[in-house]
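First the structure, in the form of structure tokens, and then the observations on it.
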């Protein structure tokens, strides 16, 4: 179980960090050397489907060692949140003025009163090994490199058809299929990000194919087998919501359910 911790930074209303688990199944004693997988017998490699024969079997591992804690931090400035960094809100004969460096309460005010900007963050926000920002990595084993193009499509089709293997942990929510772009795979709508002080905010979490380029495979030097590789990264869209009541660190735990 790998958790990336972030420190509270004042002077921001939201600080979102993606804390993730590679699997909702029992954690393996040893992690796979992800994303460099040469064979299906790598210690720590997990399966996501019930097929036991290759190339139908789809395998999974999480990439953790090649990212820094900063790769999972999004700390928007006040100006990114609200134009100018603060606003005057009118309600009846009352005018409330405040900067966004401390807790705010939107109780009794509508979304349009505050006009929070929508924020989008990539997680991780930097590349891992092989210049791939892939949190989650999926593979199938074939006997020829020429088969990988077809297998990558097969893996993506499986993940889209079984999008609910992508889940939030804690407040459990499952993803649904996302066909909005060629690289889109799954999406968790209105995922609830929580704050240690009791605050919440909703966000959409999208899972996307992030290594969609040539040469995405690993050849076993001791056999003719090839592991076709599909890397998945995440994007979070922070949505302004009238339930937002506190500043601080907002976190979301996401994972992949394996067999």
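Numbering (mature numbering (1 follows the signal peptide of the UniProt record, and there is no 0)), first residue to last: -31 to -1, 1 to 228. Ideal Cβ positions, reconstructed from N, Cα and C, are used throughout, including at glycine. Keep in mind the model is a prediction, meaning the values are calculated, not measured.
Reduced DSSP secondary structure (H/G/I, E/B, other) of residue i
i: residue 143; result: strand
i: residue 118; result: helix
i: residue 5; result: coil
i: residue 22; result: coil
i: residue 124; result: helix
i: residue 41; result: helix
i: residue 35; result: coil
i: residue 218; result: strand
For residue i, the first and last residue of its enclosing beta strand (DSSP E)
i: residue 156; result: 153 to 163
i: residue 201; result: 195 to 207
i: residue 111; result: 105 to 111
i: residue 92; result: 88 to 92
i: residue 172; result: 169 to 178
i: residue 188; result: 186 to 188
i: residue 28; result: 28 to 31
i: residue 227; result: Unbroken run through residue 227: none, as it is neither H nor E.
i: residue 137; result: 135 to 137
CA-to-CA distance, residue j to residue i, given in whole angstroms
i: residue 77; j: residue 187; result: Note on residue 77: pLDDT 44, under 50, position unreliable in the model; no value is reported.
i: residue 66; j: residue 87; result: For residue 66, the pLDDT reaches just 47, beneath the cut-off of 50, and the residue's location in the model is therefore unreliable, although a value from the coordinates is still provided. Looking at the two C-alpha atoms, the distance is approximately 21 Å.
i: residue 10; j: residue 221; result: 31 Å
i: residue 171; j: residue 6; result: 35 Å
i: residue 2; j: residue 141; result: 28 Å
i: residue 27; j: residue 134; result: 13 Å
i: residue 38; j: residue 228; result: 28 Å
i: residue 205; j: residue 154; result: 14 Å
i: residue 181; j: residue 128; result: 15 Å
i: residue 198; j: residue 178; result: 10 Å
i: residue 112; j: residue 123; result: 16 Å
i: residue 190; j: residue 15; result: 21 Å
i: residue 185; j: residue 224; result: 23 Å
i: residue 131; j: residue 18; result: 9 Å
i: residue 218; j: residue 13; result: 31 Å
i: residue 173; j: residue 90; result: 11 Å
i: residue 93; j: residue 149; result: 21 Å
i: residue 8; j: residue 22; result: 13 Å
i: residue 169; j: residue 175; result: 19 Å
i: residue 41; j: residue 165; result: 18 Å
Quiz item: Quick one: any contact between the segment 93 to 104 and the segment 19 to 36, if contact means 3 or more CB pairs under 8 Å?
Solution: yes
Quiz item: So, do the segment 144 to 163 and the segment 116 to 123 have three or more beta carbon pairs nearer to each other than 8 Å?
Solution: Contact fails: fewer than three Cβ-Cβ distances are below 8 Å.
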